[in-house]
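If you read the protein sequences in the order shown, they are chains X and P.
According to this note's numbering, the first sequence is numbered sequentially starting from 165.
According to this note's numbering, the second sequence is numbered sequentially starting from 13.
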Amino acid sequence: MSCCAPGLGQHVESGILSSDELRHAARSLGDGTAQVELSVPGVHCGACIHTVERGLSRLDGVVSARVNLSTRRVSVRFREDKMPPLAETLSGLGYPPHLFDETSISGRERTLTELLRAVAISGFAAGNVMLLSVSVWSGADGATRDLFHWVSALIALPTLAFAGRVFYRSAWNALSHGRMNMDVPIAIGVTLAYAMSLYETFNHAEHAYFDAAVTLLFFLLIGRTLDHVMRDRARSAVMGLARLAPRGAIVIAPDGSREYRPAGEIEPGTRLAIAAGERICVDARVTAGASELDCSLVNGESWPRRVEPGAHVQAGTLNLTGPLTLEATARAEDSFLAEMVRMMEAAEGGRTRYRRIADRVSSLYAPVVHLTAFLTFLGWVAIDGDWHKAITIAVAVLIITCPCALGLAVPIVQVVAARRLFERGVMVRDGSAMERLVEADTVVFDKTGTLTAGRPWLSNLAEIEPAMLAIAAGLGAHSRHPLSQAIMQAAAGQAGADDFEEISEIPGFGVEGRAHGSVWRLGRAGWALGRGEEIVATDRSGTILARDGRACAAFRFEDVPRTDAAQAIRALRQAGKAVEMLSGDTQAACRQVAENLGISRYAAALLPSEKVARIAEMAADGHRTLMVGDGLNDAPALAAAHVSMAPATAADIGRNAADFVFLHDSLEAVPFAIVISERAGQLIRQNIGLAIVYNIIAVPIAILGHVTPLIAAVAMSGSSLLVIGNALRLIGMRERPVRAARGAAAIDRPVQVERA
Amino acid sequence: MTVLVYLIPVALLLGGVGLVAFLWALKSGQYEDLDGAGERILIDSEADDEAAPR
């Protein structure tokens with residue numbers, strides 16, 4: 165269990181799904197049961213599967229629960245009349261669940277099934293046709309050879325029709341839009357080879373190309389499937405991590421009745437009841453209640469913000485301490501969240517222009533292949549005048565220039581690289597992300613939640629008496645406030661004093677408890693010391709434990725840097741990348757972090773649009789940026805950057821904008837991803853080089869007419885195996901540090917970057 | 013020569029059986045959670061019966 169028992173703080177901060185939300189997401193199966201799919205990113209291993217399935221199955225009303233480890237999902241069937249407390253149980257077990265958007269996933273699964281079916285069928289056909297061909301090559305002749313050829317033709321035809329569809333469809337699609345892609349020569353080559361072979365078989369000729377056509381299809385389909393698997397796997401895992409998705413809220417009707425309504429149906433003016441621990445789903449104004457909000461995902465500020473009646477709150481913030489009554493001021497689609505999505509879409513332009521290496525090469529490759537084959541045909545007609553011979557040789561040229569390096573080797577390198585990254589907790593959205601990562605020369609970090617953990621940490625632990633700490637932890641255990649959680653974490657392992665009689669949380673101020681006749685208060689200095697609620701401490705270090713109005717201990721907090729942040733930044737600098745920090749948090753908070761981590765350039769208090777502007781400015785200077793950020797306010801910048809990375813704890817629109825998502829706490833993921841991507845890039849270039857060398861050798865032989873089907877099949881398979889073998893070298897590669905320093909920037913005092 | 017008349021269909025049939033078996037497995041969702049399938053072997057079967065009624 166050691167690998168997978170999630171830490172305490174993890175699930176405390178994210179709002180727990182309500183039963184109403186679950187009921188909305190569940191699909192009725194018609195027989196009195198309903199099924200709901202939940203994303204459980206915490207599931208890692210067999211023990212997790214066991215814990216989750218057993219825990220859920222024991223609940224009253226649950227019919228079955230099954231975990232899918234690959235996609236980190238659990239599907240639960242339950243009786244509709246009896247809604248079991250699924251979310252509470254899972255959170256209690258340490259696996260906080262999330263809902264996810266299912267519609268976008270099912271389409272991709274169908275594609276994968278179709279591809280796998282095509283691979284299976286073409287593999288079957290390739291095996292059988294190859295066996296028959298071997299018999300022909302080893303000397304079968306006369307009627308036997310014709311029989312073998314006919315059987316081959318019968319096997320190959322349905323294979324082409326079914327497995328070849330993938331290529332025919334794509335080739336037709338490209339041609340009908342006046343474009344060229346790699347599938348056009350594949351489709352033409354395979355069809356021509358089949359037609360030619362059929363003609364040969366009719367005329368009892370010696371050679372046929374059925375084997376080459378089918379094997380080519382088989383190899384290319386493997387590549388296509390790998391490519392698909394890689395994109396799909398990471399994407400579904402990323403989508404499954406929805407964290408900032410308040411899907412609705414409890415609406416208070418004018419007559420006082422309460423009802424749950426999805427976010428899309430909430431109109432401005434509607435009154436909403438938001439309990440402590442829930443996320444707010446639309447922009448709104450507070451009408452009653454006082455509380456503190458965690459806005460870190462929205463604007464990057466690491467400290468909770470106090471709200472009172474009249475205050476405006478933004479969609480996506482998390483209500484921490486007390487219940488609030490809100491009045492919606494905007495619809496969900498007009499809220500801050502939606503505005504971020506629009507900005508993101510506007511910013512994404514730069515990235516969509518990027519074309520993958522394979523695409524760039526294939527746009528050259530396809531016309532050259534066709535032209536060569538066509539010229540060969542014309543040449544042989546001119547020299548020899550024999551149409552049949554000219555066509556045969558042209559087909560041989562088309563087949564022998566098998567685009568395996570592009571169709572097979574590039575995806576396999578990327579799959580192996582993605583697998584290695586996945587093992588270290590980094591998920592890749594698609595292959596082009598790795599190529600773009602290699603090109604990045606500047607790394608831009610967000611502060612809160614990225615460089616820092618976004619959680620406060622008790623920094624003066626040594627100055628606090630253990631007895632007082634234990635009392636504070638006993639009080640703090642009753643609050644969801646991040647500072648209380650920090651005290652509890654600091655006190656872990658020490659006996660907690662929880663013999664309090666009455667404990668109450670005063671939203672926005674702190675926790676109060678009675679024990680042995682005295683009143684203990686943990687919270688804001690002014691309130692804890694009993695100077696009335698009007699004194700609001702502005703000093704952030706003003707958290708105090710007081711007994712009957714006398715201070716017993718003062719707590720100071722810091723936002724801790726993420727694990728290995730300093731090493732990661734050093735490694736990036738050694739690799740010759742410039743490092744910069746952009747944050748929405750205050751100047752002082754940024755300076756402290758920048759100094760601690762040795763970041764020389766930073767800009768504080770930026771709006772989301774200013775972050776985008778800064779990245780655009782760098783792009784205009786010819787820099788390619790890697791943006792690493794987590795918040796909602798980073799999402800447009802993530803989309804604007806050349807390549808982007810986000811931690812799994814990020815807001816989900818931020819994560820959907822990112823090319824890489826890392827699951828572990830450590831920032832080492834950033835340099836590691838760069839190292840692996842560079843290695844993958846090298847191997848891809850080597851493979852393309854190998855393919856070019858192979859063609860330089862093989863094509864002239866084919867043009868001169870010396871290629872029999874045997875030689876074509878052997879050469880094609882050989883080149884495929886060669887590039888696959890080369891790609892697999894990535895598995896054994898050691899993780900050496902990124903390239904040696906190329907005039908690494910000197911570390912000096914932080915300089916604030918001028919705001920655009 | 014005549015033996016081929018039997019052998020070729022037999023070879024194709026055997027291969028076809030394998031193909032159909034794969035397609036059936038694919039259709040019945042046995043490839044949906046390859047990681048989980050690997051891990052489930054390690055779960056105690058006794059505890060598993062109690063855990064996941066199917």
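Glycine is no exception: its CB is placed at the ideal position from the N, C-alpha and C atoms.
- Listed along chain P is no residue with a C-beta nearer than 7 Å to that of leucine 601 of chain X; the closest approach is about 25 Å.
- Annotation: the continuous beta strand (DSSP E) that includes leucine 488 of chain X extends over 488-492.
- Contact of phenylalanine 383 of chain X with chain P is not assigned, every C-beta pair being separated by 8 Å or more.
- Around the beta carbon of alanine 801 of chain X, a 10 Å sphere encloses 16 or more other beta carbons of the protein chains shown; the residue is thus reported as buried.
- For the pair of segments examined, the region 351-362 of chain X was found to touch the region 552-564 of chain X: the number of CB pairs separated by less than 8 Å reaches three.
- For tyrosine 43 of chain P, the chain X residues whose C-beta falls within less than 8 Å of its own C-beta are Leu280, listed in chain order.
- Between leucine 38 of chain P and chain X, the shortest Cβ-Cβ separation is below 8 Å.
- As the crow flies, the alpha-carbon of alanine 767 of chain X is around 19 Å from that of methionine 809 of chain X.
- Exclusion of the five residues before and after leucine 362 of chain X leaves Ala317 as the residues of its chain whose Cβ lies within less than 7 Å of its Cβ.
- For the region 356-381 of chain X, there is no continuous alpha helix (DSSP H) assignment of 4+ residues that stays within its boundaries.
- Isoleucine 848 of chain X places its beta carbon less than 8 Å from that of valine 574 of chain X.
- Looking at the DSSP output, arginine 714 of chain X shares a beta bridge with X:Arg711.
- In this structure, histidine 214 of chain X and isoleucine 55 of chain P form a Cβ contact; the two beta carbons are roughly 5 Å apart against a cut-off of 8 Å.
- A distance below 8 Å separates the beta carbons of glycine 638 of chain X and phenylalanine 664 of chain X.
- Non-local C-beta neighbours of leucine 633 of chain X in its own chain, meaning closer than 8 Å and more than five positions away in sequence, comprise Leu625, Ile651, Ala654, Ala655, Gln658 and Ala717, ordered along the chain.
- The beta strand (DSSP E) runs lying completely inside the region 811-858 of chain X and spanning 3 residues or more are 824-826, given in chain order.
- Positions of the beta strand (DSSP E) runs, each at least 3 residues long and wholly inside the region 630-695 of chain X, are given as 667-670, 674-679 and 682-688 in order along the chain.
- The beta carbon of isoleucine 865 of chain X lies closer than 7 Å to those of Val871 in the same chain, with the five residues before and after it left out.
- Annotation for glycine 595 of chain X: the continuous alpha helix (DSSP H) segment containing it runs 595-603.
- Looking at the backbone, the Cα of aspartate 829 of chain X and that of aspartate 447 of chain X are separated by about 31 Å.
- Residues of chain P whose Cβ lies closer than 7 Å to the Cβ of threonine 277 of chain X are, in chain order, Leu38.
- Only Cys209, Gly210, Ile213, His214, Glu217, Arg218 and Ser221 from the region 195-226 of chain X bring a Cβ to less than 7 Å from some Cβ of chain P.
- With contacts defined by Cβ atoms closer than 8 Å, cysteine 754 of chain X and serine 764 of chain X do not form a contacting pair.
- Identification of chain P residues near leucine 233 of chain X by a Cβ-Cβ cut-off of 7 Å yields Asp45, Asp47, Gly48 and Glu51, ordered along the chain.
- Here valine 300 of chain X carries a helix assignment [DSSP, helix/strand/coil].
- A Cβ-Cβ distance of about 12 Å is found for the pair alanine 679 of chain X and leucine 686 of chain X, leaving them out of contact under the 8 Å criterion.
- Chain X has no Cβ within less than 8 Å of the Cβ of leucine 25 of chain P.
- With respect to chain X, the C-beta atom of leucine 19 of chain P has no partner C-beta closer than 8 Å.
- Interface residue (Cβ-Cβ distance to chain P less than 8 Å): phenylalanine 288 of chain X is classified as such.
- If you look at threonine 14 of chain P, you'll find it in the alpha helix (DSSP H) that goes 14-39.
- Shown here, valine 446 of chain X sits in coil according to DSSP, grouped into three states, outside any helix or strand.
- Identification of chain P residues near isoleucine 576 of chain X by a Cβ-Cβ cut-off of 7 Å yields none; the smallest Cβ-Cβ distance measures about 18 Å.
- With 16 or more neighbouring CB atoms inside 10 Å of its own CB, glutamate 503 of chain X falls in the buried class.
- With contacts defined by Cβ atoms closer than 8 Å, glycine 433 of chain X and alanine 494 of chain X do not form a contacting pair.
- In terms of Cα proximity to glutamate 497 of chain X, the closest of X:Ala479, X:Phe331, X:Ala530 and X:Ile852 is X:Ala479.
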